[in-house]
Amino acid sequence: MDDKTRQLGEANLSHLLWKFSIPAIIGMMASSLYTLIDRLFVGNIVGADAIAGMSVTMPLSFIIMAFGTLVGVGAGALVSIRLGEGKKEEAEKLLGNALTLFLIISVLVSGACLFFLDPLLAHFGASPQIIPYAKQFITIILWGSFFQYISFGLGSIIRSEGNPRIAMMTQLINAGLNIVLDFAFIYLFHWGL
Numbered sequence: 002m003d004d005k006t007r008q009l010g011e012a013n014l015s016h017l018l019w020k021f022s023i024p025a026i027i028g029m030m031a032s033s034l035y036t037l038i039d040r041l042f043v044g045n046i047v048g049a050d051a052i053a054g055m056s057v058t059m060p061l062s063f064i065i066m067a068f069g070t071l072v073g074v075g076a077g078a079l080v081s082i083r084l085g086e087g088k089k090e091e092a093e094k095l096l097g098n099a100l101t102l103f104l105i106i107s108v109l110v111s112g113a114c115l116f117f118l119d120p121l122l123a124h125f126g127a128s129p130q131i132i133p134y135a136k137q138f139i140t141i142i143l144w145g146s147f148f149q150y151i152s153f154g155l156g157s158i159i160r161s162e163g164n165p166r167i168a169m170m171t172q173l174i175n176a177g178l179n180i181v182l183d184f185a186f187i188y189l190f191h192w193g194l
């Protein structure tokens, strides 16, 4: 059993709670910046119809987030148990299985969403005026969904290994990168959504 695993089993519970909850809260706040920053740039530069198009796609984005979190939290719990039992090889296999499952789910969910995109967007309330914006935005999200699954899912697994700060730092870096890329692509290059 390594030192980190031993610490998780023997450390003061209130200390562990703070050690894990503060980075998780900061990371969640950083993740919520994605939506806020995207909307600030799109609303001020591209326009109201583009914001409406983005908003209509939120249910699909939440489905992607939910599946990533589902696999990540489940795998994280199992990885944590295996590490606590001193079975590092089994924990590594579980991580590999989680990555494979992320790939399978991303192909299935994205494929289904892309195939049924027009009826889905209409069901979520997209008018003919905003459908082009909604399709432009969600198509990029769906094609990159594997990376979103990894982002949402691996954060839980990394925390379960006793590394909450690493998970937080990845979320902060992603949020910072999102700000820089939004500025470049939307403001400087005028690429729209």
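Be aware that the sequence shown starts at 2, since it is given in the numbering used here, and climbs by one per residue. Heads up, the beta-carbon is just placed ideally off N, CA and C, and yes, glycines get one too. This one's a predicted model, so the numbers in the text were calculated from it and none came from an experiment.
Handout entry: Under the three-state DSSP convention, the category Pro60 falls into
Key = helix
Problem - Stretch pair the segment 164-174 + the segment 123-143: three plus CB contacts closer than 8 Å - result: no
Exercise for the section: Within its chain, find whatever has a CB closer than 7 Å to the CB of Lys20; leave out the 5 residues flanking it on each side and keep chain order. Expected result: Pro165
Problem - C-beta contact flag for Gly154 and Ala76 at 8 Å - result: yes
Practice task
Identify which residue in Tyr188, Met30, Leu100 and Tyr35 has its Cα closest to the Cα of Phe147.
Solution key: Leu100
Exercise for the section: Along the alpha helix (DSSP H) that carries Asn45, what are the first and last residues, could you check? Expected result: Looking at the DSSP string, Asn45 is not in any alpha helix (DSSP H), and its letter there is neither H nor E.
Exercise for the section: Report the option in Gly44, Val72, Ile180 and Glu11 whose CA atom is closest to the CA atom of Gly152. Expected result: For the record, residue 152 in the displayed sequence is Ser; it is not Gly. Per the Cα distances, Val72.
Handout entry: Under the three-state DSSP convention, the category Leu79 falls into
Key = helix
Handout entry: Range covered by the alpha helix (DSSP H) that runs through Trp144
Key = Ile132 to Trp144
Exercise for the section: Apply the 10 Å Cβ neighbour rule to Val80 and answer buried if 16 or more other Cβ atoms are within range, or exposed otherwise. Expected result: buried
Problem - Beta-carbon proximity check, Ile141 vs Val110, cutoff 8 Å - result: no
Exercise for the section: Would you identify the three-state DSSP class for Glu162, choosing helix, strand or coil? Expected result: coil
Practice task
Using alpha carbons as the reference points, say which of Tyr150, Asn179, Ser157 and Leu118 lies closest to Ile38.
Solution key: Asn179
Problem - C-beta contact flag for Pro60 and Phe125 at 8 Å - result: yes
Practice task
Within the same chain, show all residues whose beta-carbon is closer than 6 Å to that of Ala127, passing over the 5 residues directly before and after it, in chain order.
Solution key: Val57 and Ala135
Exercise for the section: Output yes or no for whether 8 Å exceeds the beta carbon distance between Phe190 and Gly54. Expected result: no
Handout entry: Proximity to Ile187 [Cα-Cα], best of Glu93, Ser62, Phe42 and Gly85
Key = Phe42
Exercise for the section: Answer yes or no: do Ile106 and Tyr150 have a C-beta to C-beta separation smaller than 8 Å? Expected result: yes
Handout entry: Bounding residues of the alpha helix (DSSP H) (the contiguous stretch that carries Lys88)
Key = Run containing Lys88: none; DSSP gives neither H nor E here.
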